[in-house]
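With full-length UniProt numbering applied, the sequence shown covers 1 to 71.
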Amino acid sequence: MKVGPMEQARFSKRKKAPPRAGLLDVNAFLFTMCERRVHCIRGKYLRAVMRQDMAWFDTQQVGALTTRMSR
């Protein structure tokens, strides 16, 4: 099957994407990856805090644990 110049020109116009489209894909990927890592780290931190002895909580300042979780 032979492709004519009109079909070739139409195809080449369609397959080109602006360079910013690739950057948006990379940014979305990195944002999602970072969100997942933060979620994992916060979960591990919460599990570690919950394993502490009761006396450990008395040594911590009020709101210090929630501040660390929300950073």
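Idealized CB from N, CA, C, for every residue including glycine.
Put residue 73 into one of helix, strand or coil per three-state DSSP. The requested residue 73 is not part of the displayed model; the chain covers only 1 to 71.
Contacting residues, own chain, Cβ-Cβ under 7 Å from residue 63 (five flanking each side not counted): Locating residue 63 in the sequence shown gives position 63, counting from the first residue. Within the same chain, residue 63 has no close Cβ partners at all.
If we ignore side chains and look at the alpha-carbon of each, how far apart do residue 46 and residue 40 end up? One-based indexing of the sequence shown puts residue 46 at position 46. One-based indexing of the sequence shown puts residue 40 at position 40. Pairing residue 46 with residue 40, the inter-Cα distance amounts to about 10 Å.
Pull up the distance between the alpha-carbon of residue 20 and that of residue 28, whole angstroms please. Counted from its first residue, the sequence shown places residue 20 at position 20. Counted from its first residue, the sequence shown places residue 28 at position 28. About 12 Å.
C-alpha gap between residue 43 and residue 26, whole angstroms: For this step, residue 43 is matched to residue 43 along the sequence shown. For this step, residue 26 is matched to residue 26 along the sequence shown. One C-alpha to the other measures close to 26 Å.
Locate the alpha helix (DSSP H) running through residue 58, then write down its first and last residues. Within the sequence shown, the letter at position 58 stands for residue 58. Here the alpha helix (DSSP H) through residue 58 covers 54-59.
Consult DSSP for residue 43 and reduce its assignment to one of helix, strand or coil. Here residue 43 corresponds to residue number 43 of the sequence shown, with the count starting at 1. Residue 43: helix per DSSP, three-state reduction.
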